[in-house]
Every structure is written in structure tokens, then in C-alpha cells.
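Chains as they are written, first to last, in the working numbering: chain A, 79 to 565; chain B, 94 to 188.
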């Protein structure tokens, strides 16, 4: 069970040696054994998952094949709408909210016969890098339960790492899929902006948000992305052109490819062991036939600053909808404004309030051009830097995170130190390009290290080609042993 | 660059009813974050701002066809207060 992937489980579901209900039972058993320690899930939907698994078994037995995720247990980050199943984005303001519709990714999973195990924990409204900003308590890292799993998709990452799901969906606004994937030893992928529908994803920063998979293998990542991506008329930013074949390069290796190592994503603040593992992987890519060059993207130095103006600005507008009127919490007041102000101050947690204030400030009269306007100029310059780099190289590589998983509570008092966790992942959100984190090893404390590969927009086939080569070269097959705590 | 923040004004714009001590707490944190964020002013040159869709999508129009929307009762079920098919809100202006 623990070594199963979507690909291997899929074969066994089709040759009859494994039933979807037994696969689900195994995943639920793992959840029962580990949830008290790691708290990956906010809500496990036993009834719904059981029905979906039974249906998958019946269909597969009758020769109805809905594709690679048919019968596969999937964990969903709790900022994606599930009709009839509570969806909170880990916020008090949405406690008890039951969506009247499914997100498009959820509809696609259901049409693909996937078994939705439940809703996973996140930093409230996906704002954070440790899954400690959840109104329902933090998630802990399966590799060391005193440490965080990264964030904001920490619940989905921890579930996949622990084996309480075969694959998970997360959302990535500044690194929220890739950074937790790196910190929990799984594969995390952010697709090109516009290729996966955001309909039914609770919006954080709409020009940056993108849904993607967290999985055990690169192949599983591609199998999942193939199921969820594609044009959706319900999302006005959805890409309408041709979608490339995700598998066209997998297995081709890196011989003859040009790999750029990002000069700016190294040095001070990067743990020596992270640097050593990443450098060693770069050397292995070179000996496998890749031409490796160092590439400088000077604007990366100020990408984080631009991000922490643009993302809060967009969040301050998006979260205006939580006003105590149409859904969620209401704290009564004499006037509409008093009701709204009380509701919002009471329903949002501190990080969300901080970002709304930050964004409101950055957009307010007198500061708009110096902050938000200038951040948009930086964003354009970052895109120019990427465009120049991709004239020289096929992919760019870097660490996914400057550090391994940090201890719970270590950065909660200092928001800026938490924001620095995303320094390697943010540029691809600002550019809209795809990027992936692949686990390449463990440090001396047995904590996972991730390797980031970046490619130009719609370069997913090249991204998966290189990621697959990295995966093979790393041979990472370690699994966490979750320390059971006496209760 | 030290940053001036009229935090009470910002909180009012954002409809966040915070206490004086909460306002002071957030003001201090915002000052630190904004000092870091002000590094956007280090950008050299003045690039043309092009932050439209990375894949060049400009407008997306759907056909003007009638189709079912969400079920009204199911939607209103999630509202804190609803009556006769409407959301109920406190007065928004003085009468």
C-alpha cells in the first residue's frame, strides 16, 4: 500500500488484483493511524468516498474506464468548492459553509472517477508558508512532527507524504504547492497560469493563483494534471488554445538540453545542506549530457517585495466579499458597516487581517504608484528577465526552498521571516510560468530537500521531461516514519 | 525608507473593526513589511508595464444564451439571514 502510485494502483485496479474499496480502506487506515499526529485533514468524507470507491469498482468491472484517476483516493485542499461538503478555507468566517456547487477541478475529478477522501488543512485563505495560520489548528510534518509541513497546501502535502491519500490537489499563489512538497518529500507542480480552471477555487490573488497536483511521482503529477487541466468557459482567464502532450518528453533524459542555474537563488539564507544537494543534482544533470550554465535574473532580488504588494492588494479586493451578508459568519451591528466591520474583524485570523491591511494600504490614495504601481513594473521586469533567460536555456533550476522544514512556532512571531520561505517560488507566480518541485534527498536530520525546475509558459512537457530525469537521478524512495505520540 | 501609515484609516477602508491595541500591533508589523516591500523602488529602468495574462488572453466572451444558474434556495440557505428570496441586511443608510 505505502509504495503504491497512481500508475501502479491503476494497473492493479484494472487487472482485478486490487479493489478501489480496499485501496480506500488502506488510505483511511493510514489516516486513522496518523491524523492525531499530523492533522492533514479538516474533514474526511467517509460516506462520499466509500460510495465513489464502490462505484469505481463496479464501473471498472463492467469495463467502463474513466481514466488514470479512476478509483484513486485524492485529498483536496479545503479552498476548493465541494457541493454538499463543508468548505472553509481554514477560516472561522466560513465555518459551516456548504457550497452549492463544485469547483471545476472537483467536477473533473468526479468525472474521472476519482475518490475524494476529504478536505485538507491550509493556511487560512492560503495565506502562509507553514499551515500554522489555520483557524482549526496546524498541520505537522510527517518527517518530524515537531516541524511544519510548509504551506499553504500543507494538509495535502502531509496527506500524500504520510500515505493518507495517493495524490492531493493544492493551490499555488507564491509557492503554496511547491514549498510544502519540498518540505514533505513529495512532487509538487504549479501549472502555467490559465491552464487549470480557477472556477470554485476560493480566490486569494487572482492573477497568481493556480491549482496543481501534489504526488508521489512525476508520472503521477502528469496523470493528475492531464485530468484537471483544459479550457473552462466558467473561468474568464482559462486558456483556449491547444494543450500540449504532458508525456511527450518523459523518459527522454536531459542529453543535449540546456539547463540554467539561477545565480540569485543561492547564498546567504540558504542552508548549506540544501545547497550541497542541489549542486550535486546539477552536476548529475551535467554528467547525463545537459549543458549547464549559470543564468542571472537580477529582478529575482526584488520579486519577493513585489509579491508582498501585489498579492495583498488582490486579496484585499477578493476578500471584500466576506461581509456577513451572503454566506459565512455574521456578527450583528446597528448598521451595515458596523455589522461588516465586526464580522470581518472577528472572522478573519491575524495573517489574513495583516494582508488585507497591507493590500488596502498599497492601493490607497497617495501610495498607489509608489507601492502597487511600482510592484507591477517589477512584475513586468521579471517577465522580461525570464524571457531573456529562456532564449538561452530550456529550463531553469534552483532549490525549491532555502531551508528544510522548520520547527513549529519558529517563524510565527515574525511575518517577514515567514514570507522569506517563498523566495525561490514566487518569481514563477509573477511570470505565470510552470514550475515543479522534485524531492532529491534528505539532510543529516532526515528532512527532505526539493529541487525546483522552471519552464516557459506551456512548457509542461519540457518541465516533466527534466523533472522525470531529476527523479531518476535522485532515486529518492525514502518514506517518513511517523513517531507515535503516547496520548 | 520609513513608512507612514494611518492605520485607523486603512482599517476603516477595509471594514475591519479593530481595537486600538490591535491597530497599533498591525501598524508596527506593516511598517516592517512595507520597508522591505519598498525595495521595489530599487528597480533599474522603467519597463513598460505589461501584466496582462501570460498567455495573451484579453477578453473572454460567452454566447448570450439562457442557461440554468445555481438553485436560489440552496444559495440562500448559506446566508446568515434571508427572507422571501432576498438577503436581509442591516440599514446601509440613515432614513
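C-beta atoms are modelled at their ideal positions from N, C-alpha and C, and glycine is treated no differently.
DSSP bridge partner residues for residue i (one or two, in chain order)
| i | result |
| --- | --- |
| residue 124 of chain A | Paired residue(s): none; residue 124 of chain A is not in a bridge. |
| residue 197 of chain A | A:121, A:154 |
| residue 477 of chain A | A:529 |
| residue 267 of chain A | A:514 |
| residue 160 of chain A | A:163 |
Under 7 Å between C-beta atoms of residue i and residue j
| i | j | result |
| --- | --- | --- |
| residue 292 of chain A | residue 199 of chain A | no |
| residue 144 of chain A | residue 88 of chain A | no |
| residue 135 of chain A | residue 161 of chain A | no |
| residue 109 of chain A | residue 234 of chain A | no |
| residue 118 of chain A | residue 237 of chain A | yes |
| residue 158 of chain A | residue 177 of chain A | no |
| residue 265 of chain A | residue 296 of chain A | yes |
| residue 520 of chain A | residue 486 of chain A | no |
| residue 544 of chain A | residue 473 of chain A | yes |
| residue 229 of chain A | residue 269 of chain A | no |
| residue 338 of chain A | residue 465 of chain A | no |
| residue 240 of chain A | residue 112 of chain A | yes |
| residue 280 of chain A | residue 167 of chain A | yes |
| residue 248 of chain A | residue 260 of chain A | no |
| residue 526 of chain A | residue 517 of chain A | yes |
| residue 475 of chain A | residue 531 of chain A | yes |
| residue 242 of chain A | residue 202 of chain A | no |
| residue 425 of chain A | residue 171 of chain A | yes |
| residue 511 of chain A | residue 535 of chain A | yes |
| residue 108 of chain B | residue 359 of chain A | no |
Buried/exposed call for residue i, threshold 16 Cβ in 10 Å
| i | result |
| --- | --- |
| residue 218 of chain A | buried |
| residue 276 of chain A | buried |
| residue 119 of chain B | buried |
| residue 102 of chain B | exposed |
| residue 186 of chain B | exposed |
| residue 197 of chain A | buried |
| residue 320 of chain A | exposed |
| residue 99 of chain B | exposed |
| residue 179 of chain B | exposed |
| residue 529 of chain A | buried |
| residue 142 of chain A | exposed |
| residue 91 of chain A | buried |
| residue 288 of chain A | buried |
Collapsed DSSP secondary structure at residue i in the structure displayed
| i | result |
| --- | --- |
| residue 565 of chain A | Confidence is the limiting factor: at residue 565 of chain A the pLDDT is only 40, short of 50, which leaves the residue's position unreliable, though a coordinate-based value still follows. The answer is coil: DSSP assigns residue 565 of chain A none of H, G, I, E or B. |
| residue 143 of chain A | coil |
| residue 136 of chain A | helix |
| residue 397 of chain A | helix |
| residue 382 of chain A | helix |
| residue 222 of chain A | strand |
| residue 445 of chain A | coil |
| residue 88 of chain A | helix |
| residue 520 of chain A | strand |
| residue 249 of chain A | strand |
| residue 184 of chain A | helix |
| residue 372 of chain A | strand |
| residue 488 of chain A | coil |
| residue 387 of chain A | helix |
| residue 462 of chain A | helix |
| residue 556 of chain A | coil |
| residue 498 of chain A | helix |
| residue 100 of chain A | helix |
| residue 111 of chain A | helix |
| residue 94 of chain A | coil |
| residue 130 of chain A | helix |
| residue 407 of chain A | coil |
| residue 505 of chain A | helix |
| residue 186 of chain B | coil |
| residue 111 of chain B | coil |
| residue 244 of chain A | coil |
| residue 273 of chain A | coil |
| residue 98 of chain B | coil |
| residue 451 of chain A | helix |
| residue 255 of chain A | coil |
| residue 566 of chain A | Given a span of 79 to 565 for chain A in the structure shown, any question on residue 566 of chain A remains unanswerable. |
| residue 203 of chain A | helix |
Closer than 7 Å to chain D by CB, residue i
| i | result |
| --- | --- |
| residue 110 of chain B | The structure shown contains no chain D; the protein chains it does contain are A and B. |
| message | To test your reading of the DSSP string, which unbroken alpha helix (DSSP H) runs of 4 or more residues are found completely within the stretch 279-357 of chain A? | response | Counting whole runs of 4 or more residues, the stretch 279-357 of chain A contains the alpha helix (DSSP H) stretches 296-306.
| field | Complete alpha helix (DSSP H) runs within the stretch 114-183 of chain B (minimum length 4 residues, chain order) | value | With a minimum length of 4 residues, the continuous alpha helix (DSSP H) runs that stay inside the stretch 114-183 of chain B are 165-169.
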